[in-house]
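Protein chains in written order, with this note's numbering: chain A, 1 to 117; chain B, 1001 to 1112.
Don't be surprised by glycine CBs; every beta carbon is placed ideally from N, CA and C.
This structure is a prediction, so every number in the text was calculated from the model and none was measured.
Here is the structure we will look at.
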Amino acid sequence: GAVVSQHPSRVICKSGTSVKIECRSLDFQATTMFWYRQFPKQSLMLMATSNEGSKATYEQGVEKDKFLINHASLTLSTLTVTSAHPEDSSFYICSARGGAGGNTEAFFGQGTRLTVV
Amino acid sequence: GESVGLHLPTLSVQEGDNSIINCAYSNSASDYFIWYKQESGKGPQFIIDIRSNMDKRQGQRVTVLLNKTVKHLSLQIAATQPGDSAVYFCAERGPGTYKYIFGTGTRLKVLA
Chain A
1 GAVVSQHPSR
11 VICKSGTSVK
21 IECRSLDFQA
31 TTMFWYRQFP
41 KQSLMLMATS
51 NEGSKATYEQ
61 GVEKDKFLIN
71 HASLTLSTLT
81 VTSAHPEDSS
91 FYICSARGGA
101 GGNTEAFFGQ
111 GTRLTVV
Chain B
1001 GESVGLHLPT
1011 LSVQEGDNSI
1021 INCAYSNSAS
1031 DYFIWYKQES
1041 GKGPQFIIDI
1051 RSNMDKRQGQ
1061 RVTVLLNKTV
1071 KHLSLQIAAT
1081 QPGDSAVYFC
1091 AERGPGTYKY
1101 IFGTGTRLKV
1111 LA
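In structure tokens form, the structure reads like this:
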């Protein structure tokens, strides 16, 4: 399958600082990227959907000013957690899909574990 | 056996036996479904997919069954191996969207 690379895999930051997570599609052009959040022993919760060159669409209850998403190119999307607090500590996962229309699978990055201290 | 509550439901099977993992999806209009496997500390890994115009699809050692009448998906793993131990999620995609909504997940434990 296609490769999606997420960086960093782990990050520890101080409360009040901002953290940027990168998601890259290495061997295909990702027309759409998704950002998920996963708490321990729970399922993945979709945070937002982003299409290259346009604003991200956030799910209900997700603060767009808190979780800034930029999808500036067909191979890169970034998630910035601004003014992070301990409750933002979680596993963040991106996925990407390429192609227009049809049923195409989404490929996932390896995830980023964020710990806010 | 299975356990529910604050923890993920868990299915324990003997190595070599067949496993059946079930998933109830939410949207009767969803037209595409995927099963993912997630190992500890890693992102989900694609296993198999199925479109809503099918009721069965087979892969290598895995079979997905779709029952649209009751909005139910199942993943069958033949001759379960220790490497199959992971959490399994189903994901559904609604029509006209590329959003994937994940189910609650099931932890599969393979007993030697």
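At a cut-off of 8 Å between beta carbons, B:P1095 makes no contact with chain A. The way I'd put it, the region 60-77 of chain A doesn't touch the region 1011-1019 of chain B; fewer than three beta-carbon pairs between them come closer than 8 Å. Listed in chain order, the beta strand (DSSP E) elements of length 3 or more contained wholly in the region 32-64 of chain A are 32-38 and 44-51. Inter-residue distance for A:C23 and A:Y36 is about 12 Å (C-alpha atoms, whole angstroms). The beta carbon of B:I1020 lies closer than 7 Å to those of S1074 and Q1076 in the same chain, with the five residues before and after it left out. According to the DSSP assignment, A:N70 belongs to the beta strand (DSSP E) that extends over F67 to S73. In the DSSP assignment, B:F1102 falls within the unbroken beta strand (DSSP E) covering Y1100 to F1102. With 16 or more neighbouring CB atoms inside 10 Å of its own CB, A:M47 falls in the buried class. When the five nearest sequence neighbours on each side are left out, the beta carbons in the same chain lying within less than 6 Å of the beta carbon of A:T32 are those of N51 and R97, in order along the chain. Shown here, A:D88 sits in a helix according to DSSP, grouped into three states. B:N1022 has B:S1074 as its beta-bridge partners, per DSSP.
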